[in-house]
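In order, the protein sequence lines correspond to chains A and B.
Take the first sequence: its letter number 97 is residue 127 in the numbering used here, and every next letter is one higher.
Take the second sequence: its letter number 64 is residue 94 in the numbering used here, and every next letter is one higher.
Where is the CB? At the ideal position from N, CA and C, for every residue including glycine.
There are 2 protein chains.
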Amino acid sequence: MTSNISIIGKRLKEARVHAGLSQERLGILAGIDEFSASARMNQYERGKHEPGMEIMKRIAEKLHRPISYFYEVDDDLAHLIEIYGGLDQQRKEKLLAIAVELHGNQSE
Amino acid sequence: MTSNISIIGKRLKEARVHAGLSQERLGILAGIDEFSASARMNQYERGKHEPGMEIMKRIAEKLHRPISYFYEVDDDLAHLIEIYGGLDQQRKEKLLAIAVELHGNQSE
DNA sequence: TCACTAAGGTTTACTTAGTTG
DNA sequence: CAACTAAGTAAACCTTAGTGA
Numbered sequence: 031m032t033s034n035i036s037i038i039g040k041r042l043k044e045a046r047v048h049a050g051l052s053q054e055r056l057g058i059l060a061g062i063d064e065f066s067a068s069a070r071m072n073q074y075e076r077g078k079h080e081p082g083m084e085i086m087k088r089i090a091e092k093l094h095r096p097i098s099y100f101y102e103v104d105d106d107l108a109h110l111i112e113i114y115g116g117l118d119q120q121r122k123e124k125l126l127a128i129a130v131e132l133h134g135n136q137s138e
Numbered sequence: 031m032t033s034n035i036s037i038i039g040k041r042l043k044e045a046r047v048h049a050g051l052s053q054e055r056l057g058i059l060a061g062i063d064e065f066s067a068s069a070r071m072n073q074y075e076r077g078k079h080e081p082g083m084e085i086m087k088r089i090a091e092k093l094h095r096p097i098s099y100f101y102e103v104d105d106d107l108a109h110l111i112e113i114y115g116g117l118d119q120q121r122k123e124k125l126l127a128i129a130v131e132l133h134g135n136q137s138e
């Protein structure tokens, strides 16, 4: 069949498979009714329909990824977002500080 | 009036004002019909309606921000995303490399 | 069990037409 | 000109029911 057409679908599948969950199970964990979880999650992953932000937020939580990860089209930036989400608070602050510094000396 | 209720609305307003554009002008630049641009952009910014990813992608371009910026709920991460988007390619790669390294020595 | 889909009912977004500052 | 909104139309999503690997 066809490959993924949407960014959300691509990111969703990557993170879901990484978490070792089925489409239906993930949907149920995110609070979707058990009778429609399979269809809805599949529609999201295949790019047939776009999830609203509320359900996306709950899906993101269950997959341990920042919500922005699922919307980013740039693979490198998506990777950066993913890594940031996995860092402890101290390293998050450090990374942000480094980014600010890199940005600063770019303008000079 | 009332404050913003949605994340998208909050990020949208910040970036739009920073760019010095009116709601209507931004909508037109993003390709929305001139007769509905004002209403639609206002509905997005006030959180009345949620924009689809396609139009959001075009809005993000005009505001010079990665699309993920508009969906991120964490202010620090949103800031990191914003900075990343403004870096040149060399610094983008450097920042990503640093992130990977920070992540690596966290697990040890 | 898991991935996936068509079709129709339901919900939401989009357009129109306007008000207010 | 800029921000904003109600109401109706149009479009998208969600549910149901089901197929096939």
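At a cut-off of 9 Å between beta-carbon atoms, Lys43/B makes no contact with chain A. Here the segment 93-111 of chain A lies against the segment 119-131 of chain B, with 3 or more beta-carbon pairs under 8 Å apart. Taking C-beta atoms under 8 Å as the contact rule, Glu102/B and Ile97/A qualify, at a distance of about 6 Å. Sequence-distant Cβ neighbours of Met86/A in its own chain, meaning closer than 7 Å and more than five residues away, are Ile97, Phe100. Contact check for Arg55/B against Leu93/B fails: the beta carbons are separated by 9 Å or more. Inter-residue distance for Met83/A and Gly116/B is about 26 Å (C-alpha atoms, whole angstroms). 9 Å or more divides the Cβ of Pro81/A from the Cβ of Arg95/A. Per DSSP, Lys78/B lies in no alpha helix (DSSP H) segment and is marked neither H nor E. Collapsing the DSSP output to three states places Gly50/B in coil. A straight line joining the alpha-carbon of Ile111/A with that of Asn72/A spans about 24 Å. By the Cβ neighbour-count rule, Ile35/B is exposed, with fewer than 16 other Cβ atoms within 10 Å of its own.
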